[in-house]
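J.: One structure, pasted below without further comment.
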Amino acid sequence: MTTPSNGFSELLGNEELGNVVEVGNVGSLTAALERWLPQEKRATGRRARVEAAAAFSVEKNVQRTLDAIKTTVGL
């Protein structure tokens, strides 16, 4: 669960990985939490977390940042 007011919402991309809930929207939060109650959904969430951690590791983020800087300055 996250809100649209931070970068994590961009990582989710779709509801398979988690839910983006508007700040203060209790009904939306309740519905999102209820979607994740079944055991199989929690297992899917755990797998997605492992995949996201691998895709967005510190090393990969540093390399992507360096690549962007090199591209920007023309190296």
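Numbers 346 to 420, taken from my numbering, label the letters of the sequence shown in order.
Cβ atoms here follow ideal geometry from the backbone N, Cα and C, with glycine treated the same way.
On a predicted model such as this, the values are computed, not experimentally measured, just so you know.
Secondary structure at valine 365, three-state DSSP: helix, strand or coil?
T.: Three-state result, valine 365: strand.
J.: Hey, could you find the ends of the alpha helix (DSSP H) serine 373 is sitting in?
T.: It spans 371 to 380 - the alpha helix (DSSP H) in which serine 373 sits, taken as one unbroken run.
J.: How many Å lie between threonine 389 and glycine 372 at the Cα?
T.: Using only the alpha carbons, I get a separation of about 23 Å.
J.: Buried or exposed for glycine 352, please, with buried defined as at least 16 other CB atoms from any protein chain shown within 10 angstroms of its CB.
T.: By the neighbour-count rule (16 or more Cβ atoms within 10 Å), glycine 352 is not buried but exposed.
J.: In angstroms, rounded to a whole number, what distance separates the CA positions of glutamate 404 and glutamate 367?
T.: Answer to the nearest angstrom: the Cα atoms are 31 Å apart.
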